[in-house]
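Colleague:
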Amino acid sequence: MAGVRALGRGATVALLGVTTLYGHVLYPVYIGLKSRGLTPVTPTDPDEWPSVSVVVAAYREAAVIGTKLDELLAADYPGPMEIIVVADDEDTATAARRAGVRVLSSGERLGKARAVNRGVSAATNDIVLLTDANASLAPGAMRAGMRHFGDPTVGAVAGEKQVDDPQGAQGFYWKFESWLKRCESATGATIGVVGEFLAFRREAFRQLPGDTAVDDAWLALDVLESGLRVIYEPEAYSIETSSPTYAEEWERRTRIVAGNLDMMWRRRAAMTPGALLVTPQLWGHRVVRSSFGPMAHVALVAMSVPAARHSWAARLFLAGNLVGAGSAGALAVGRTPPGPTRLAAQVFFLQAVALGGVRRFLAHDRPAVWPKPERLAPAATPALTTPGERPAPGGGAAPAARGALDAGEPVIGPEAAATGPILLPPGFGSGRIYDPKAIEQDEYGDGFGSTQSQQSQGQARTYGPAQ
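Numbers 1247 to 1713, taken from our numbering, label the letters of the sequence shown in order.
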């Protein structure tokens, strides 16, 4: 009888051990081996680049939205492009107003998913690119992503997320995530997408449920269920500031875990073996790592405590957990653990995050709208302009203008009666972005152009070039 009990305990420990290791060790090994020798096809630049609608859903981003729009307006993308900002607060909407940009503002916060729905509904081009206001796109990121759409089987392209502290714990985590996505994409498709750079065919878009907290993952799953592929492009990378505190990172990641579990439950048909090309990824990358694995880990620790009196393996396991917990504690107070303990710290932090996410999921604490502090502008010295050139509004060197500004055509918003045309003479747009409100107040002192006073017209207002 004792032998049977020992055998049962051994089987339980083995099962819990495999479950604990699957998300962080076994699945990465599996996907790494599966992708070995598979080289993703690098597409060439197309003869005709697809038209792109860039959608930026922003809330309390007034301090950074101007820099983001200057970056987009200066992009070297050779195809047709429009920029749409969906701003859920008036300060962000005001900061986003400039020639060449359409701004949709509801005056109230409706959530990221609803903002994406509004932005895509307003888009007119073949490809939609979602990007965050605080993410700085790499030069050539748009070219790298858009050239994949020459393949009719590609429905979406996910970019790479980098943080401004690549050697820190968060940077280490995103490097590991990027490697996983690269391996997944090499096998045919990935479910790992980020809101910093997510491009997709407008015709493949389905309206997102307004109550989802993971709009990007939901969108990617929609594309995959339509029979198209989601691929990963590391050259389409973006850089953003890492979370200043682990309290903020905890809140963000536990919300995402809860949102992912909610999505998997609501779309559990996709979890059926063979349902999708990415079904193994959904289990390994999403479900097991975010729920079953951490719970199995806790169960193993609980079983090891009484067993430590007579088992060296249990003592070794508990010692490793103490090292990991201590390293994770160092992260929590803003310190970077040394050497290999950095990996242990990240694993422990992720295990704790997963448990926190499971708790939020079970408590139905997975809001589509969450408290968000005002985004602060990064500390940086404004770039100098070239000799004889005036700075762009807001400081710094102005990017090259696009479209109507370079052609000397009137820049007329869809509600011309409210915004009025801004007439720029030929060549005047070169290298500069002009703020319509500043022109109206004659801050440039050139006596050019004409505007009519900006007036609110209903709930939603738009600004930008004529369609």
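Think of the CB as a built atom: it goes at the ideal place given N, C-alpha and C, for glycine as much as any other residue.
For chain B, check one thing: does any of its Cβ atoms lie closer than 9 Å to the Cβ of Ile1311?
Modeller: Considering every chain present, this structure includes no chain B. It has just one protein chain.
Colleague: Short check: CB of Gly1717 to CB of Thr1458, under 9 Å?
Modeller: Since the displayed the chain opens at 1247 and closes at 1713, residue 1717 lies outside it and no answer follows.
Colleague: Within its chain, find whatever has a CB closer than 6 Å to the CB of Phe1674; leave out the 5 residues flanking it on each side and keep chain order.
Modeller: Along the sequence shown, read from residue 1 onward, the residue named residue 1674 stands at position 428. At Phe1674, the pLDDT of 30 sits below 50, so the modelled position is not reliable; the number obtained from the coordinates is stated separately. Counting only Cβ-Cβ distances below 6 Å, and skipping sequence neighbours, we find nothing.
Colleague: Between Ala1463 and Val1403, how many whole angstroms is the CB-CB distance? I'm expecting something under 8 Å.
Modeller: Translated into the one-based positions of the sequence shown, residue 1463 becomes position 217. Translated into the one-based positions of the sequence shown, residue 1403 becomes position 157. 15 Å between Cβ atoms; not a contact.
Colleague: Tell me the start and end of each unbroken alpha helix (DSSP H) in the stretch 1273–1308 that is at least 4 residues and wholly inside, in chain order.
Modeller: If we require 4 residues or more, the alpha helix (DSSP H) runs fully inside the stretch 1273–1308 come out as 1273–1281.
Colleague: Around the Cβ of Pro1552, are there at least 16 other Cβ atoms within 10 angstroms (buried) or fewer (exposed)?
Modeller: Translated into positions along the sequence shown, residue 1552 becomes position 306. Flag for Pro1552 reads exposed.
Colleague: Count the other C-beta atoms from every protein chain shown that fall within 10 angstroms of the C-beta of Val1287, then say buried if there are 16 or more, exposed otherwise.
Modeller: Mapped onto the sequence shown, residue 1287 falls at position 41. That one is exposed.
Colleague: For Trp1295, is the classification buried or exposed, using 16 other Cβ atoms within 10 angstroms of its Cβ as the cut-off for buried?
Modeller: Residue numbering aside, residue 1295 sits at position 49 when the sequence shown is read from its first letter. When all chains shown are included, Trp1295 counts as buried.
Colleague: Check Pro1526 in the structure and name its three-state DSSP category.
Modeller: Taking the sequence shown and counting its residues from 1, one reaches residue 1526 at position 280. Helix.
Colleague: Taking the alpha helix (DSSP H) that Arg1499 falls in, what are its first and last residues?
Modeller: Position 253 of the sequence shown, counting from 1, holds the residue named residue 1499. Looking at the DSSP string, the run of the alpha helix (DSSP H) that includes Arg1499 is Tyr1492 to Arg1512.
Colleague: Ends of the alpha helix (DSSP H) at Glu1336?
Modeller: Here residue 1336 corresponds to residue number 90 of the sequence shown, with the count starting at 1. First-last of the alpha helix (DSSP H) with Glu1336: Glu1336 to Ala1342.
Colleague: Tell me, please, which residues DSSP counts as bridged to Gln1408.
Modeller: The residue you call residue 1408 lines up with position 162 of the sequence shown. Ile1485.
Colleague: Quick one: give me the first and last residue of the alpha helix (DSSP H) that Met1392 is part of.
Modeller: The count along the sequence shown starts at 1 and reaches residue 1392 at position 146. Segment Ala1387 to Met1392, the alpha helix (DSSP H) holding Met1392.
Colleague: Measuring CB to CB, does Ala1304 end up less than 9 Å from Ala1345?
Modeller: Residue numbering aside, residue 1304 sits at position 58 when the sequence shown is read from its first letter. Residue numbering aside, residue 1345 sits at position 99 when the sequence shown is read from its first letter. No, Cβ-Cβ distance for Ala1304 and Ala1345 is not below 9 Å.
Colleague: Kindly give me the distance between the Cβ atoms of Glu1479 and Leu1522, rounded to whole angstroms, as I take these residues to be in contact under 8 Å.
Modeller: If you number the sequence shown from 1, residue 1479 lands on position 233. If you number the sequence shown from 1, residue 1522 lands on position 276. The Cβ separation is near 21 Å, so there is no contact.
Colleague: How is Phe1443 classed by DSSP in three states: helix, strand or coil?
Modeller: Taking the sequence shown and counting its residues from 1, one reaches residue 1443 at position 197. Coil.
Colleague: Give me whichever residues DSSP pairs with Met1549 in a beta bridge.
Modeller: Here the question's residue 1549 lines up with position 303 in the sequence shown. Answer by DSSP bridge pairing: none, since Met1549 is not bridged.
Colleague: Would you mind stating whether Thr1370 and Leu1318 have Cβ atoms separated by less than 9 Å?
Modeller: Within the sequence shown, the letter at position 124 stands for residue 1370. Within the sequence shown, the letter at position 72 stands for residue 1318. No, the pair does not count as a contact, with Cβ atoms beyond the cut-off.
Colleague: Per DSSP, which residues does Glu1328 bridge with? Please list them.
Modeller: Residue 1328 sits at position 82 when you count from the first residue of the sequence shown. DSSP output for Glu1328 lists Ser1299 as bridge partner(s).
Colleague: Please report the straight-line C-alpha distance between Ala1390 and Pro1324, rounded to a whole angstrom.
Modeller: Sequence index remark: in the sequence shown, residue 1390 carries index 144 (1-based). Sequence index remark: in the sequence shown, residue 1324 carries index 78 (1-based). C-alpha separation (whole angstroms): 12 Å.
Colleague: By DSSP's criteria, Tyr1419 is part of a beta bridge. Which residues make up the other side?
Modeller: By one-based count along the sequence shown, residue 1419 stands at place 173. According to DSSP, Tyr1419 bridges with nothing at all.
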